[in-house]
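Q:
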Amino acid sequence: MKGCVNNKKPLIITAIILILLIGGFAAIALKDRFPQIQDWLLSLGVWALPAFISMYVGASIIGIPSAILMLASGSLFGFFKGWGIVSLADTLSVVLCYGLGRTIARQWVKKWISNRKQFVALDRAVEHKGWKIVLFARLSPLLPSNILNYGFSLTKINFWHYLFFTWVGMLPVTGFYVYLGSLGGNLMRGQQSPGQLGLQLLGLGATILAIIYTTRLAKKTLSESLEAED
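Numbered according to UniProt numbering, the sequence shown spans residues 1 to 230.
1) Measure from the alpha carbon of residue 94 to the alpha carbon of each residue in 164, 71, 43, then state which is nearest.
2) For a quick check, are the C-beta atoms of residue 39 and residue 170 less than 7 Å apart?
3) Among the residues of its own chain, which have a CB less than 6 Å from the CB of residue 138, if the five just before and after it don't count?
4) Within 10 angstroms of the Cβ of residue 103, are there 16 or more other Cβ atoms? Answer buried if so, exposed if not.
5) If the criterion is Cβ atoms closer than 7 Å, does the pair residue 64 and residue 77 meet it?
6) Looking at the structure shown, is residue 135 part of a helix, part of a strand, or coil, going by DSSP?
7) Only counting the same chain, and skipping five residues up and downstream in sequence, which positions put a Cβ closer than 7 Å to that of residue 109?
8) Considering only the alpha carbon of each residue, which of 87, 44, 126, 56 lies closest to residue 68?
9) Entirely within the UniProt domain "VTT" (64–182) and at least 3 residues each: give me those beta strand (DSSP E) ranges in chain order.
10) How would you call residue 178, buried or exposed, if buried means at least 16 neighbouring beta carbons within 10 angstroms?
11) Determine the closest residue to residue 52 out of 43, 132, 61, 73, with distance taken between C-alpha atoms.
12) Relative to the C-alpha of residue 220, which residue among 62, 176, 140 is closest?
13) Residue 42 by DSSP, collapsed to three states: which one?
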């Protein structure tokens, strides 16, 4: 019985990856049809959440930017629920990309980044400074998030440190896009009074300033760390 279960594991893993890849390609096909995405997801009822997460994770595995799906999450689910959903989907994406980069996709990832000087420096910086580099890399726009998902799988970072500080580092960006989506959704539905709209726009402005400051600081710190490793 145990041997039978073990034999099925590769099939189960393959099936999950195929489902997520289909979700990713669906996200690509629908990226220019934002209203249609929302209508389609709403029509799914209780299946809207699993469908959204599958699309998000699939797009991340393929390497497609997920900003449009973050916006959709805010519009569909509201800010707090949407932020939680995106955070969950983003965390699943990170885990899967890390696992793929450590196993079946390892040789491909190695070949992909072998000529990228920044990743050589990143590996050394992670070895010396650990989780701090992970956090600064996620906060900084210096390296794309989808590339980092695979790149970090080749470093010597502790998995749990990597997972936690990736999650923390992605919160400002995901929160910003989800907030924009929720604000846009409320405006389209006419659910905002002038006073509420003013407060939300004020909050949006403060958020933008905070993100600009944080990303600049993170970019500067990360650049200095990478230069020190060259």
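We put the CB at the ideal spot given by N, CA and C, even for glycine. All values derive from a computational prediction rather than experimental measurement.
A: Per the coordinate set shown:
1) What you label residue 94 is simply residue 94 of the sequence shown in a count that begins at 1. It is 164 whose Cα lies nearest to the Cα of residue 94.
2) Your numbering for residue 39 matches position 39 in the sequence shown. Your numbering for residue 170 matches position 170 in the sequence shown. Against a cut-off of 7 Å, the Cβ pair of residue 170 and residue 39 comes out as no contact.
3) Sequence index remark: in the sequence shown, residue 138 carries index 138 (1-based). Correct list, in chain order: 166, 169, 170.
4) Sequence index remark: in the sequence shown, residue 103 carries index 103 (1-based). Looking at its Cβ environment, which holds fewer than 16 other Cβ atoms inside 10 Å, residue 103 is exposed.
5) Sequence index remark: in the sequence shown, residue 64 carries index 64 (1-based). Sequence index remark: in the sequence shown, residue 77 carries index 77 (1-based). Annotated as distal: residue 64 and residue 77, with beta-carbon spacing of 7 Å or more.
6) Locating residue 135 in the sequence shown gives position 135, counting from the first residue. The answer is helix: DSSP assigns residue 135 an H, G or I state.
7) As a working mapping, residue 109 is identified with position 109 in the sequence shown. Only residues of its own chain outside the window of five on either side were considered, and among them 101, 150, 153, 154 have a CB closer than 7 Å to the CB of residue 109, listed in chain order.
8) Taking the first residue of the sequence shown as position 1, residue 68 is located at position 68. When the alpha-carbon of residue 68 is set against those of 87, 44, 126, 56, the nearest one is in 56.
9) Those beta strand (DSSP E) runs which fall completely within the UniProt domain "VTT" (64–182) and span 3+ residues do not exist here.
10) Counting from 1 along the sequence shown, the entry for residue 178 is found at position 178. Classification for residue 178: buried.
11) On the sequence shown, residue 52 is found 52 positions in, with the first residue counted as 1. Comparing Cα positions, the closest option is 73.
12) Start at 1 with the first residue of the sequence shown, and residue 220 comes out as number 220. When the alpha-carbon of residue 220 is set against those of 62, 176, 140, the nearest one is in 140.
13) Locating residue 42 in the sequence shown gives position 42, counting from the first residue. It is helical.
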